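Working notes for the structure below.
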Amino acid sequence: MAFPPAEPQQSAQRLAEKLAHYADAWDLATDLAQGVDAIVVIDTRSEQHYQHGHIPGAVSFPHRLMTAESLAALDRSKVYITYCDGIGCNGSTKGAWKLASAGLRVKELIGGLDFWQRDQHPLAAGTEPGSWPQQSSQPECGC
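Residue 21 is where the sequence shown starts when you use my numbering, and the numbers rise one by one after that.
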């Protein structure tokens, strides 16, 4: 115990703050399966990568194309969930930063598409967002 733990109230505050900034694959899949319309999932990778496979319902909005002008038209009442390939990619962080800097509410998906696929959630392909499968059986979360 070279570094003693924080007081419980400090830990609770810090962990609540962390949860306010990040979503995980399980939580996002649950929201999508339940049709939560308060969120918009944004794939911040290139359009080519998006077409090869993306989270069902996600829109393609590469972080490199995000500008003050392109972000101005976004709905301020929504929460934007950004993702990219995974922990070796910071496209979701760059996209989340640009969205937040433009005054939008945002969360970043932990582990990106890599963790999404690891958890066996469905994918869509092509240029259209697609939708959540009607008969999707969500695997049990081990957390």
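Even glycine gets a Cβ: it sits at the ideal position worked out from N, Cα and C. Small disclaimer: the values here were computed from a predicted structure and weren't measured.
Per-residue burial, residue i [other beta carbons within 10 Å of its own, 16 or more giving buried]
i, result
"residue 38", "exposed"
"residue 138", "exposed"
"residue 87", "exposed"
"residue 55", "exposed"
"residue 108", "exposed"
"residue 57", "exposed"
"residue 76", "buried"
"residue 49", "buried"
Nearest to residue i (by Cα), restricted to the options the options
i, options, result
"residue 110", "145, 100, 96, 128", "128"
"residue 82", "130, 25, 103", "103"
"residue 94", "72, 120, 70", "120"
"residue 135", "105, 149, 31", "105"
"residue 112", "151, 29, 133, 72", "133"
Residues that residue i bridges to, as DSSP identifies them
i, result
"residue 127", "101"
"residue 70", "Bridge partners of residue 70: none, in fact."
"residue 56", "Answer is none; residue 56 lacks a bridge partner."
"residue 144", "74"
"residue 62", "79, 102"
"residue 26", "DSSP, once it has assigned bridges, lists no residue as partnering residue 26."
C-beta contact flag for residue i and residue j at 9 Å
i, j, result
"residue 84", "residue 100", "no"
"residue 89", "residue 80", "no"
"residue 70", "residue 147", "yes"
"residue 44", "residue 130", "yes"
"residue 74", "residue 149", "yes"
"residue 144", "residue 151", "yes"
Meets three-Cβ-pair contact criterion under 8 Å: the stretch 98-118 and the stretch 46-64: yes
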